[in-house]
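These notes concern the structure reproduced below.
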Amino acid sequence: MIDEIQLEKLQSVAGKIRKHIVEMTHAAKSGHPGGSMSMADIITHLYFKWMNIDPKQPKKEDRDIFVLCKGHAAPALYSAMAVRGFFPEEELKTLRQVGSRLQGHPDKNAIPGIEMSTGSLGQGLSASVGMSLALKLDKKPNRVYAVLGDGELQEGQVWEAAMSAAHYKCDNLCAFIDNNKLQIDGAIEDIMGIDPIADKFRAFGWEVFEIDGHCFQDIDDALVKADSIKGKPVAIVADTVKGKGVSFMEGQLCFHGAPCNDDQKVEACSELDKINGVCGC
Amino acid sequence: MLESAATRDHYAKALIALGETNKDVVVLDADLSCSTRTAKFAAKFPDRFFNAGIAEQNLIGMAAGLACMGKTVFASSFSMFVTGRPWEQIRNSICYPRLNVKICATHAGITVGEDGASHQALEDITLMRVLPNMKVLVPADAIEAETMVKYVADQPGPYYVRMSRGATPLVFDVENFKFELGKNNVLREGLDVAIMACGIMVKLSLDAAEVLKKDHNINAAVVNVSSIKPMDEDNVCAMAKKTGAIVTAEEHTVVGGMGSAVAEVVIKTCPVPMEMLGVEGVFGESGKPNELLEKHNLTVDGIVNKALAVISRK
Numbered sequence: 002m003i004d005e006i007q008l009e010k011l012q013s014v015a016g017k018i019r020k021h022i023v024e025m026t027h028a029a030k031s032g033h034p035g036g037s038m039s040m041a042d043i044i045t046h047l048y049f050k051w052m053n054i055d056p057k058q059p060k061k062e063d064r065d066i067f068v069l070c071k072g073h074a075a076p077a078l079y080s081a082m083a084v085r086g087f088f089p090e091e092e093l094k095t096l097r098q099v100g101s102r103l104q105g106h107p108d109k110n111a112i113p114g115i116e117m118s119t120g121s122l123g124q125g126l127s128a129s130v131g132m133s134l135a136l137k138l139d140k141k142p143n144r145v146y147a148v149l150g151d152g153e154l155q156e157g158q159v160w161e162a163a164m165s166a167a168h169y170k171c172d173n174l175c176a177f178i179d180n181n182k183l184q185i186d187g188a189i190e191d192i193m194g195i196d197p198i199a200d201k202f203r204a205f206g207w208e209v210f211e212i213d214g215h216c217f218q219d220i221d222d223a224l225v226k227a228d229s230i231k232g233k234p235v236a237i238v239a240d241t242v243k244g245k246g247v248s249f250m251e252g253q254l255c256f257h258g259a260p261c262n263d264d265q266k267v268e269a270c271s272e273l274d275k276i277n278g279v280c281g282c
Numbered sequence: 019m020l021e022s023a024a025t026r027d028h029y030a031k032a033l034i035a036l037g038e039t040n041k042d043v044v045v046l047d048a049d050l051s052c053s054t055r056t057a058k059f060a061a062k063f064p065d066r067f068f069n070a071g072i073a074e075q076n077l078i079g080m081a082a083g084l085a086c087m088g089k090t091v092f093a094s095s096f097s098m099f100v101t102g103r104p105w106e107q108i109r110n111s112i113c114y115p116r117l118n119v120k121i122c123a124t125h126a127g128i129t130v131g132e133d134g135a136s137h138q139a140l141e142d143i144t145l146m147r148v149l150p151n152m153k154v155l156v157p158a159d160a161i162e163a164e165t166m167v168k169y170v171a172d173q174p175g176p177y178y179v180r181m182s183r184g185a186t187p188l189v190f191d192v193e194n195f196k197f198e199l200g201k202n203n204v205l206r207e208g209l210d211v212a213i214m215a216c217g218i219m220v221k222l223s224l225d226a227a228e229v230l231k232k233d234h235n236i237n238a239a240v241v242n243v244s245s246i247k248p249m250d251e252d253n254v255c256a257m258a259k260k261t262g263a264i265v266t267a268e269e270h271t272v273v274g275g276m277g278s279a280v281a282e283v284v285i286k287t288c289p290v291p292m293e294m295l296g297v298e299g300v301f302g303e304s305g306k307p308n309e310l311l312e313k314h315n316l317t318v319d320g321i322v323n324k325a326l327a328v329i330s331r332k
């Protein structure tokens, strides 16, 4: 259970992360705010409550591993890492600039704590399976957490990886699906339908939990249950809203791959300041 | 002493030796482990062998993940399927993050034989050498293959090692062979033309040099270019200066392969006439390996003719 104090803290951090996402993509005049904001609550829970990580020792032996398979949501990862203390929050405004460590998509060698370079969709889950195999081989207790986009599930490699994770009984691997239902060309169901997501993963041999991806209690419950699953990997299909947290960005395709303009940025920040976190429950 | 051996058999010998001394060595394959010989490692170290099944993109991705966690990863399949199918995975999941993955391919080139064009990788050297951070090696024989595999295991970062299906005559002596990255071996000195070869074409080039001497009184140097990337630029330039004419010979397309890599050095350091022997930008076909080599002039005569042609252009 998440107590009220924890809930308040997580909501406040998620609000801060969303504001960073709006501001950094606005400053860069490019980037992907919509899909960053849809996974803001998931990454907040992982980085501020769940995962065993230490910004002072980003490579410590017993750390949990996070892989942002949907690498275009880098602003969410960078914001979470900065607020958690991996690097100064000030650096966030260098996103996508020449010479910046904050590349448009995550670069493993740029900042300690980024576990894998991602951005080309479909590749992160395979790497997560490899990490899981290495940890199991060494009999280590660390766990691997991956976040995939729902549109990303259109990549065939995801299903090669899903097959292998079940085959090798990767029960130290937990993959969130950020199911915000939009991809760059339109609604997923119009472009290339991928439903039923949960049934597909079940058919591939995974344990599946379906949650509200903006509810910290739901996220927490699913992670607790995932920890106890033995002999197979876990998929957490998170029902989310693209652009979550700013009224005029929610469910809007235009914010998939484009930032707020100057006026929208001011409005978005003022909304985020008012609500200070957007947990739906 | 052996007279001929398959590079893939000595790859397996090297893997087993590595498996015994380094517990972080893991091996992956994509359902061709009997053919690539990684099955021999699997039999000895079952916990450290992972079969990806017929799924090369995931093979490369899993290799990347294992390398992220500190493993020294060997990933194998036929050259066609481990370089062509997952090229973008190799680029973005291995080369960009500079991960410690050694892609060791077998069944490269036209000597795959009867399986035909779909299985004959003739573009893999090109595909791999254009990738930043990737190093590209082609052993001339089984002795070099074994030494090379042991060498790359100790080096950080991505490597591509290209091996063949069939047994080929040995060029090197086990006793005194040492592989050096970025160093060409001059196997025969000569002042009239330099034949720069890789893989199975090295032995044929030595034979061609004999013919050139005997029938044409031409003194040909023969150089083993097993380190295609990094390329031994000093040696290429020195050979160009010394002989004034270069022939390259490879069992691979002439488009972007080893010959192109040599030419890139020659044109910027010491321009001299060059001829490139290889497959002329076409697909292979089914047939016996030797018949296919004949058809594409990848023979002693083919090399001799290129040498005569380049000398006439001096």
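As you go down the protein sequences, you meet chains S and X in turn. Numbering follows the working numbering, with no gaps: position 134 of the first sequence is 135. Numbering follows the working numbering, with no gaps: position 288 of the second sequence is 306. Heads up, the beta-carbon is just placed ideally off N, CA and C, and yes, glycines get one too.
Which class does residue i belong to by DSSP, given the choice of helix, strand or coil?
| i | result |
| --- | --- |
| PRO34 (chain S) | helix |
| GLN138 (chain X) | coil |
| GLU38 (chain X) | helix |
| HIS27 (chain S) | helix |
| LYS243 (chain S) | coil |
| ARG331 (chain X) | coil |
| THR129 (chain X) | helix |
| ARG382 (chain X) | Because chain X is modelled from 19 through 332, residue 382 (chain X) falls outside the range shown and cannot be assessed. |
| HIS21 (chain S) | helix |
| LEU308 (chain X) | According to the sequence as given, residue 308 (chain X) is Asn; it is not Leu. Helix, per DSSP. |
| ASN69 (chain X) | strand |
| ASN194 (chain X) | coil |
| LEU145 (chain X) | helix |
| PHE99 (chain X) | helix |
| TYR169 (chain S) | coil |
| CYS113 (chain X) | helix |
With the cut-off set at 8 Å, would you say residue i and residue j are in Cβ contact?
| i | j | result |
| --- | --- | --- |
| LEU138 (chain S) | HIS257 (chain S) | no |
| PRO291 (chain X) | VAL328 (chain X) | yes |
| PRO260 (chain S) | SER31 (chain S) | yes |
| GLY72 (chain S) | HIS106 (chain S) | yes |
| GLY134 (chain X) | GLU303 (chain X) | yes |
| VAL113 (chain S) | ALA166 (chain S) | Per the sequence presented here, residue 113 (chain S) reads as Pro, with Val not at that position. Their beta carbons are not under 8 Å apart, which means PRO113 (chain S) does not touch ALA166 (chain S) by this criterion. |
| VAL238 (chain S) | ILE198 (chain S) | yes |
| ALA123 (chain X) | THR25 (chain X) | no |
| ALA57 (chain X) | GLU74 (chain X) | no |
| ILE43 (chain S) | VAL148 (chain S) | yes |
| VAL280 (chain X) | MET214 (chain X) | yes |
| ILE410 (chain X) | TYR178 (chain X) | The question about residue 410 (chain X) has no answer here: the residues shown for chain X are numbered 19 through 332. |
| VAL119 (chain X) | PRO176 (chain X) | yes |
| PHE205 (chain S) | ILE3 (chain S) | no |
| PRO115 (chain X) | ASN143 (chain S) | no |
Report the neighbours of residue i on chain S: residues whose CB is nearer than 8 Å to its CB, in chain order.
| i | result |
| --- | --- |
| LEU84 (chain X) | GLY131, MET132, LEU134, ALA135 |
With a 10 Å radius around its C-beta and 16 neighbouring C-beta atoms as the bar for buried, classify residue i as buried or exposed.
| i | result |
| --- | --- |
| GLY125 (chain S) | buried |
| THR241 (chain S) | buried |
| ASN173 (chain S) | buried |
| VAL279 (chain S) | Only weak support exists for where VAL279 (chain S) lies, its pLDDT of 49 falling under 50; the value from the coordinates is given anyway. Label assigned to VAL279 (chain S): buried. |
| PHE249 (chain S) | exposed |
| ALA128 (chain S) | buried |
| ALA188 (chain S) | exposed |
| PRO104 (chain X) | buried |
| THR45 (chain S) | buried |
| GLU153 (chain S) | buried |
| CYS255 (chain S) | exposed |
| ILE343 (chain X) | The question about residue 343 (chain X) has no answer here: the residues shown for chain X are numbered 19 through 332. |
Quick one: list the residues of chain X neighbouring residue i, beta-carbon separation under 7 Å, in chain order.
| i | result |
| --- | --- |
| LYS109 (chain S) | PRO115 |
| GLN158 (chain S) | GLN75, ASN76, GLY79 |
| GLU161 (chain S) | ALA73, GLN75, ASN76 |
| GLN124 (chain S) | GLY79, GLN107, ASN110, SER111 |
DSSP has residue i in a bridge; who is on the other side?
| i | result |
| --- | --- |
| GLN184 (chain S) | S:GLY187 |
| LEU69 (chain S) | S:VAL148 |
| LYS120 (chain X) | X:PHE92, X:TYR177 |
| GLU211 (chain S) | S:VAL238 |
Mind pulling the chain S residues with CB within less than 9 Å of residue i?
| i | result |
| --- | --- |
| ASP65 (chain X) | LEU138 |
| ALA212 (chain X) | Residues of chain S passing the Cβ test: none, with the nearest at roughly 39 Å. |
Along chain X, which residues have their Cβ under 8 Å away from the Cβ of residue i?
| i | result |
| --- | --- |
| ALA128 (chain S) | GLY79, MET80, ALA82, GLY83, CYS86, SER111 |
| GLU91 (chain S) | Near GLU91 (chain S) there are no residues of chain X at all, since even the closest Cβ is about 26 Å away, more than 8 Å. |
Note down, in chain order, every chain S residue with its Cβ under 7 Å from the Cβ of residue i.
| i | result |
| --- | --- |
| GLU106 (chain X) | SER121 |
| ALA239 (chain X) | By Cβ distance, chain S contributes nothing, its closest Cβ being about 41 Å from ALA239 (chain X), past 7 Å. |
| PHE59 (chain X) | Simply none; closest approach about 15 Å. |
| ALA48 (chain X) | In chain order: nothing, as chain S lies at least about 10 Å away. |
| LYS89 (chain X) | ALA135 |
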